[in-house]
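In the working numbering, the protein residues as written are 7 to 115. All residues carry an ideal CB built from backbone N, CA and C; glycine is no exception. Below you'll find the structure, written out as structure tokens, and then a few comments.
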Amino acid sequence: SVFKTNEAERLLEESLARMRGEDASYVRPMDATGNKIGPLGAAEKKAVTWLSEVIEEEGRRAREIANGDLKRPIDMGTGPLSDLEQRAVDFFDRVKQEESSRISSGIRR
Numbered sequence: 007s008v009f010k011t012n013e014a015e016r017l018l019e020e021s022l023a024r025m026r027g028e029d030a031s032y033v034r035p036m037d038a039t040g041n042k043i044g045p046l047g048a049a050e051k052k053a054v055t056w057l058s059e060v061i062e063e064e065g066r067r068a069r070e071i072a073n074g075d076l077k078r079p080i081d082m083g084t085g086p087l088s089d090l091e092q093r094a095v096d097f098f099d100r101v102k103q104e105e106s107s108r109i110s111s112g113i114r115r
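See the structure below:
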């Protein structure tokens with residue numbers, strides 16, 4: 007596909023530039039600095055940072071699992087997936103508590 011071809015060409019250009027000790031000829035929106043970074047660059051930077059943190063967290067979790075300790079993301083303590091799972095658990099706990107209270111009080115929807 008065109009996307010794969012363009013991506014391959016970009017990766018080749020980046021690799022060649024790195025081998026020559028140069029910067030690639032393109033600039034990502036997230037590479038802008040200071041007041042030059044716009045909303046697209048800020049969003050891209052935030053997404054790339056989040057994804058990098060997810061990859062690191064999953065790497066730590068994979069090492070734990072490889073050592074025989076099966077862990078869920080929430081068991082890892084900190085990290086984006088751990089935080090996300092904790093929020094989901096908290097949400098369902100609140101719903102469960104509210105529904106239990108509603109049933110106890112005899113309120114019908």
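Item	Value
Range of the contiguous alpha helix (DSSP H) that encloses Thr55	Pro45 to Ala72
Best match in Gly85, Ala14 and Arg78 for proximity to Thr55 [C-alpha to C-alpha]	Gly85
CB-CB length for Pro45 against Glu63, believed under 8 Å	Contact flag wrong, Cβ pair sits at about 27 Å.
Ile109 - containing alpha helix (DSSP H), residue span	Pro86 to Ser111
Identity of the residue in Gly74, Met82, Ser111 and Lys10 nearest Glu59 by Cα	Met82
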